[in-house]
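A.B. asks:
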Amino acid sequence: MPSAIEVYNLTKIYRGGVLAVDDISFTVERGEIFGFLGPNGAGKSTTIKVLIGLLKPTKGRLLINGVDIAKRPGEIKRATGYAAQETAIDDRLTCMENIYLQGRFYHLSKREILARSAEVLKMFDLYDRRNDLTATFSGGMLKRLDIAEALIHRPQILFLDEPTLGLDVQTRKTIWEYIKRLREEQGMTIFLTTHYMEEADVLCDRVAIIDRGKIKALDRPEALKAQIGGDIVIARFSALDGSIPQEALEAIRGLPQVRGIEPKRDGAYWIVVNQDGDKLIPAIFSICGQAGVSIESISLKKPSLDDVYLHFTGREMREEEASAEAHIRARIMRGRIRRR
Amino acid sequence: MIYLLSDTWFVAWRELLKFFRARVRLVVSLIQPVVWLAFMGNMMRGLTSNPVTAKALGTENYLAFMTPGIILMTVLFGGVFGGVSIVWDRRIGYLEKLLAAPISRGAIPFGKMLAAMIQGAIQVVAIIIIASLLGVRFQTGPAGIALIVLIAMLFSTILSGLSLALSASIKTMETLMAIVNFVTLPLMFTSNALFPLAAMPPWLAAIAKVNPVSYAVGPIRALTLTGWNWEVILPGLGVILGLALLALLVAQYIFQRATTE
């Protein structure tokens with residue numbers, strides 16, 4: 043059986059000359075939840091849009107279920123479902139009317155739509171509200187309806203572009219449960235993009251870190267975390283005279299499993315350990331006891347995908363730190379501003 | 002082909018559902034022609050009491066003269082909403098959703114045009130009923146009225162095609178509305194929809210003669226006032242049909258181009 047998605051050397055340059063995706067290749071297996079992790083304007087949405095046929099690739103070969111998307115676009119569209127980053131629900135129609143139209147646009151018969159919409163709306167806990175205008179729905183409900191709509195034609199592969207963007211923590215967790223159930227109950231292949239580390243960590247079997255159109259790393263979340271090394275012990279010392287406990291720090295640095303010590307601006311020290319940071323803590327205590335340095339606080343930090351991201355891109359992934367240019371890029375890619 | 006038809010219908014169905022759901026809009030769009038006919042028609046009644054102007058108008062009932070103008074004006078403004086709805090769909094992301102579905106691309110502009118056409122037809126029928134109640138006698142009877150509705154529908158296609166073509170490159174509602182007003186109002190007032198050619202200064206009459214609105218007014222006015230005057234009806238119908246087909250093709254082509262990247 044062919045893989046669900048195969049991408050070879052995909053490049054996408056927009057008409058205005060913006061290079062959105064720069065020669066990327068990857069494969070997604072059947073039944074896998076695969077995540078693209080990266081900031082706004084990294085090329086995540088562009089990759090999805092090329093895969094479902096909304097955009098034409100500038101270069102590259104793309105296969106869905108082993109079928110070249112350039113050759114049979116109609117077949118690809120029927121095999122895939124897509125929920126865009128911005129929830130596209132017509133709020134002047136009811137829940138049922140929205141999903142009914144979606145079914146019709148996928149050429150299902152009225153009977154099929156009625157049966158399947160009942161099924162998906164029940165799964166997403168919207169069945170009781172099916173005859174309400176969607177203008178009365180909350181953000182989380184709209185997102186659920188949007189994903190439910192993407193399932194009406196029973197796709198084998200589901201593309202979710204930022205499925206939990208702008209939702210509160212509780213709603214986000216609910217959406218995660220739905221996504222997990224889709225894979226468990228129906229064996230669906232799911233390709234999602236996110237800029238939430240936690241989301242990629244909790245949901246994805248494999249994650250690709252994408253930045254400025256390039257894939258910087260691709261592996262299981264645990265493997266990615268392991269690549270950047272082990273745990274971090276965060277310690278705060280208080281010497282009696284308020285000076286820096288040089289002697290004690292030197293001794294800690296000398297311990298065999300310690301890779302290095304970084305002083306932080308807030309006065310804490312990050313002690314980077316190869317592995318098993320918890321076993322190092324007693325050793326630190328005994329060194330400090332001998333040197334007459336008292337420990338104010340000590341904690342253990344396991345590496346997160348945040349750290350992984352920082353490691354592979356050299357940047358922190360925070361929206362407010364994105365440059366103005368990155369924002370404009372992101373907006374051009376979403377087609378919100380004119381290119382000419 | 003069967004999919005093109007069904008896709009077009011469901012794109013239109015969505016618009017119609019919203020048209021009938023927005024009660025206020027529905028009521029206003031039906032009251033508007035009443036206001037025009039009742040007030041404007043009464044105000045101008047003085048014109049027809051003068052035998053010279055009555056001759057220029059071709060009737061002693063200004064209301065009857067004006068009804069074709071009101072029909073086209075209503076359809077004109079209705080047709081323009083085809084483009085507005087595309088701009089709106091782009092805003093809320095619905096357009097992308099349509100494009101991601103395996104529907105025929107042409108179904109999107111065609112569906113919007115069909116919706117404008119059906120909405121226009123409903124409004125035209127309402128105007129004809131109101132005008133009849135106000136004493137306008139349609140000389141050609143039910144068959145003529147059917148043809149009037151058909152011409153109005155074709156005319157609506159020209160306008161919705163134009164606005165769809167514009168909306169392909171215009172991303173904000175305000176700009177589109179400004180351009181549309183810039184086009185539609187002069188189009189209306191440089192035609193013979195509300196005033197007879199004979200009463201216009203020569204330069205205006207020259208513009209009015211080539212104005213597509215006048216081509217639609219001609220047959221509708223003949224059907225209302227004089228009868229089956231084929232010499233007027235056929236050329237007007239021909240031009241309107243030609244322009245409607247052209248608008249259909251242009252809108253489809255431009256839409257196709259604007260949504261391929």
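Those sequence lines, one after another, are chains A and B. If you read the first sequence in our numbering, its first letter stands for residue 43, the second for the next number, and so on. If you read the second sequence in our numbering, its first letter stands for residue 2, the second for the next number, and so on. Cβ atoms here follow ideal geometry from the backbone N, Cα and C, with glycine treated the same way.
List, in chain order, every chain B residue whose beta-carbon is nearer than 9 Å to that of G83 of chain A.
C.D. replies: Within 9 Å Cβ-Cβ: nothing; G83 of chain A doesn't reach chain B, min ~16 Å.
A.B. asks: Shortest alpha-carbon distance to G208 of chain A belongs to which of A:V109, A:E74 and A:L184?
C.D. replies: A:L184
A.B. asks: Quick check: is the beta carbon of L96 of chain A nearer than 9 Å to any beta carbon in chain B?
C.D. replies: yes
A.B. asks: Just list the beta strand (DSSP E) runs in the stretch 75-155 of chain A, keeping only unbroken ones of 3 residues or longer that don't cross its boundaries, in chain order.
C.D. replies: 75-79, 101-106 and 122-125
A.B. asks: Helix, strand or coil for G243 of chain B? Go by DSSP, reduced to three states.
C.D. replies: helix
A.B. asks: Along the chain, where does the alpha helix (DSSP H) that runs through A207 of chain B open and close?
C.D. replies: Its alpha helix (DSSP H) spans residues P203 to V211.
A.B. asks: Nearest-angstrom Cα distance between E362 of chain A and A108 of chain B?
C.D. replies: Low confidence applies here, because E362 of chain A scores a pLDDT of 41, under 50, leaving its location unreliable and the question unanswered by this model.
A.B. asks: Quick check for students: name the residue ranges of the beta strand (DSSP E) that lie wholly in the stretch 223-257 of chain A, counting only runs of 3 or more.
C.D. replies: If we require 3 residues or more, the beta strand (DSSP E) runs fully inside the stretch 223-257 of chain A come out as 231-236 and 248-253.
A.B. asks: Listing by chain order, which chain E residues have their CB less than 7 Å from the CB of E128 of chain A?
C.D. replies: The structure shown has no chain E; the protein chains it does contain are A and B.
A.B. asks: Please tell me whether G116 of chain A has its Cβ less than 9 Å away from any Cβ of chain B.
C.D. replies: yes
A.B. asks: Residues of chain B with CB closer than 8 Å to the CB of V119 of chain A, please, in chain order.
C.D. replies: Checking the sequence shown, residue 119 of chain A turns out to be Lys, not Val. Here the neighbours are A101, A102 and P103.
A.B. asks: For a contact meaning CB atoms closer than 9 Å, what does E139 of chain A contact in chain B?
C.D. replies: R15 and L18
A.B. asks: Assuming A55 of chain B contacts A199 of chain B under a Cβ cut-off of 8 Å, what Cβ separation, rounded to an integer in Å, is found between them?
C.D. replies: At roughly 11 Å, the Cβ-Cβ gap does not stay under 8 Å, so A55 of chain B and A199 of chain B are not in contact.
A.B. asks: Rounded C-beta distance between A65 of chain B and S170 of chain B? I'm assuming under 8 Å.
C.D. replies: The pair is not a contact, with the Cβ atoms about 41 Å apart (cut-off 8 Å).
A.B. asks: Using a beta-carbon distance cut-off of less than 8 Å, what residues from the stretch 194-210 of chain A approach chain B?
C.D. replies: none
A.B. asks: Would you call the CB atoms of F78 of chain A and L224 of chain A closer than 9 Å?
C.D. replies: no
A.B. asks: May I have a chain-ordered list of the alpha helix (DSSP H) segments no shorter than 4 residues that lie completely inside the stretch 256-305 of chain A?
C.D. replies: 263-269 and 288-295
A.B. asks: Going straight from the alpha carbon of G302 of chain A to that of G356 of chain A, what length do you get?
C.D. replies: 19 Å
A.B. asks: Compare the C-beta of R134 of chain A against all C-beta atoms of chain B and say whether one is closer than 9 Å.
C.D. replies: Yes, its Cβ sits closer than 9 Å to a Cβ of chain B.
A.B. asks: Check whether the Cβ of R380 of chain A lies closer than 9 Å to any Cβ atom in chain B.
C.D. replies: Low local confidence applies: a pLDDT of 41 at R380 of chain A is under 50, so the model's placement there is unreliable, with the coordinate-based value given in what follows. Flagged as an interface residue toward chain B: R380 of chain A, by a C-beta distance shorter than 9 Å.
A.B. asks: Hey, quick one: how far does the alpha helix (DSSP H) through N182 of chain B stretch, first residue to last?
C.D. replies: M174 to F190
A.B. asks: For I72 of chain B and R138 of chain B, I'd like the C-alpha separation in whole angstroms.
C.D. replies: Cα to Cα, I72 of chain B sits roughly 15 Å from R138 of chain B.
A.B. asks: Are the CB atoms of V335 of chain A and I274 of chain A within a distance shorter than 9 Å?
C.D. replies: Contact check for I274 of chain A against V335 of chain A fails: the beta carbons are separated by 9 Å or more.
A.B. asks: For a contact meaning CB atoms closer than 9 Å, what does F21 of chain B contact in chain A?
C.D. replies: Correct list: empty, because the minimum Cβ distance to chain A is about 11 Å.
A.B. asks: Helix, strand or coil for T141 of chain B per DSSP?
C.D. replies: coil
A.B. asks: So, helix, strand or coil for T216 of chain A, using DSSP?
C.D. replies: helix
A.B. asks: Please state the DSSP three-state secondary structure of L168 of chain A.
C.D. replies: coil
A.B. asks: Per DSSP, what kind of secondary structure is I104 of chain B in: helix, strand or coil?
C.D. replies: coil
A.B. asks: Whose C-alpha, out of A:D253, A:G116, A:F68 and A:I90, is nearest the C-alpha of S105 of chain B?
C.D. replies: Out of A:D253, A:G116, A:F68 and A:I90, A:G116 has the C-alpha closest to the C-alpha of S105 of chain B.
A.B. asks: For E284 of chain B, which residues in chain A fall below 9 Å Cβ to Cβ?
C.D. replies: The structure shown does not extend to residue 284 of chain B, since chain B is modelled only from 2 through 262, so no value can be given for it.
A.B. asks: If distances are taken between C-alpha atoms only, which option among A:Q288, A:S87 and A:K164 comes closest to E128 of chain A?
C.D. replies: That would be A:S87, whose Cα lies nearest to the Cα of E128 of chain A.
A.B. asks: By DSSP, does V62 of chain A sit in helix, in strand, or in coil?
C.D. replies: According to the sequence as given, residue 62 of chain A is Ala; it is not Val. Looking at A62 of chain A - three-state DSSP - the assignment turns out to be strand.
A.B. asks: How about T185 of chain B and L155 of chain B: are their beta carbons less than 9 Å apart?
C.D. replies: no
A.B. asks: How close, in whole Å, do the beta carbons of A209 of chain B and N193 of chain B come, if the pair is a contact with beta carbons under 8 Å?
C.D. replies: 5 Å
A.B. asks: What are the boundary residues of the alpha helix (DSSP H) that includes S328 of chain A?
C.D. replies: L322 to A333
A.B. asks: Please classify A132 of chain B as buried or exposed, where buried requires at least 16 other C-beta atoms within 10 Å of its C-beta.
C.D. replies: buried
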